[in-house]
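The opening position of the sequence shown corresponds to residue 31 in our numbering, with each subsequent residue numbered one higher.
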Amino acid sequence: MTYGLVPRTLSKGKVVFDDPKTPIFDVVDIDPPSKWDFPNRTTSIARISRDHLQDYLTLRGMALFEIFYAIATGEPDQESLDQLAGQENVDFEFDDRTLNLIHTMRRGEHSITAQVWGARFIAGPNDLPITADPLEKTGLVWPGFDAAINSDDARHLGISDYIYVDDRVLAPYEGKSGFSINPESGSVSFGNQWSVGFCNRVGRNTI
């Protein structure tokens, strides 16, 4: 299966993916790759819309977990020493995490190191906010067609088949960086990456 997302390259190597059918912008937002040059480094983060992520997990029958790890070192306090009960290294096991305490002494100074690692459930199979589109089955009634047109019907239409739309469909693209609108034809393009063709304006508000 595919969501039909279209990549859009931004400045400094950032890439976003849009859904041109809806349209929904920035469905996926990906930073440039991280760079490591010890001791310097950059971070890289990928973001995805919650609805698309939920839809994907449901279709694939998968679950999403967050894996985490943290470590801290400081002076020992009485509570930590009580938990260690005279030992130097103790693990505390929980259902979703493990806590480790280490008591060390260097050059006569005592310290406690605490580290925790585990997993947290984020989401699992549930509903289909993207795929379960009622228009996939019921479709839309268009003048000139005997039956409602759903997505599968639309994919079988040729360039000689015409459907008329209100030019309000252009509003989401107006003033958005990188997008160009041809007011005479009603077509939309994004740089040299993609464009919507075979458009003709047949009235002030109709394409």
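Here a beta-carbon is modelled for each residue, glycine too, at the ideal position from N, C-alpha and C.
Helix, strand or coil at residue i according to DSSP, with G and I counted as helix
{"i": "residue 202", "result": "helix"}
{"i": "residue 223", "result": "coil"}
{"i": "residue 37", "result": "strand"}
{"i": "residue 83", "result": "helix"}
{"i": "residue 108", "result": "helix"}
{"i": "residue 148", "result": "strand"}
{"i": "residue 74", "result": "coil"}
{"i": "residue 182", "result": "helix"}
{"i": "residue 170", "result": "strand"}
Length of the line joining the Cα atoms of residue i and residue j
{"i": "residue 136", "j": "residue 147", "result": "25 Å"}
{"i": "residue 204", "j": "residue 175", "result": "30 Å"}
{"i": "residue 37", "j": "residue 103", "result": "44 Å"}
{"i": "residue 118", "j": "residue 99", "result": "21 Å"}
{"i": "residue 78", "j": "residue 134", "result": "43 Å"}
{"i": "residue 201", "j": "residue 213", "result": "12 Å"}
{"i": "residue 236", "j": "residue 177", "result": "22 Å"}
{"i": "residue 60", "j": "residue 206", "result": "19 Å"}
{"i": "residue 115", "j": "residue 140", "result": "15 Å"}
{"i": "residue 64", "j": "residue 43", "result": "11 Å"}
{"i": "residue 168", "j": "residue 209", "result": "32 Å"}
{"i": "residue 198", "j": "residue 35", "result": "22 Å"}
{"i": "residue 151", "j": "residue 33", "result": "25 Å"}
{"i": "residue 190", "j": "residue 41", "result": "39 Å"}
Burial state of residue i (16 or more Cβ within 10 Å)
{"i": "residue 52", "result": "exposed"}
{"i": "residue 182", "result": "exposed"}
{"i": "residue 48", "result": "buried"}
{"i": "residue 121", "result": "exposed"}
{"i": "residue 107", "result": "exposed"}
{"i": "residue 223", "result": "exposed"}
{"i": "residue 218", "result": "buried"}
{"i": "residue 142", "result": "buried"}
{"i": "residue 220", "result": "buried"}
{"i": "residue 67", "result": "exposed"}
{"i": "residue 85", "result": "buried"}
Same chain, Cβ closer than 8 Å to residue i, neighbours up to 5 away in sequence not counted
{"i": "residue 154", "result": "87, 92, 93 and 94"}
Neighbourhood of residue i by C-beta, 7 Å cutoff - its chain only, sequence neighbours within 5 removed
{"i": "residue 165", "result": "180 and 181"}
{"i": "residue 172", "result": "179 and 193"}
{"i": "residue 196", "result": "235 and 236"}
{"i": "residue 184", "result": "none"}
{"i": "residue 126", "result": "148, 149 and 150"}
Distance cut-off 7 Å: residue i Cβ against heavy atoms of the ligand MG
{"i": "residue 227", "result": "Although the ligand MG was asked about, the structure shown includes no ligands whatsoever."}
6 Å Cβ shell around residue i - same chain, five flanking residues per side excluded
{"i": "residue 82", "result": "57 and 160"}
{"i": "residue 39", "result": "45"}
{"i": "residue 258", "result": "No information on residue 258 is available, as it lies outside the stretch 31 to 237 that the chain covers here."}
{"i": "residue 97", "result": "149"}
{"i": "residue 75", "result": "61"}
{"i": "residue 226", "result": "217 and 218"}
{"i": "residue 132", "result": "119 and 143"}
contact_flag[the region 154-163, the region 107-122] where n(CB pairs < 8 Å) is 3 or more = no
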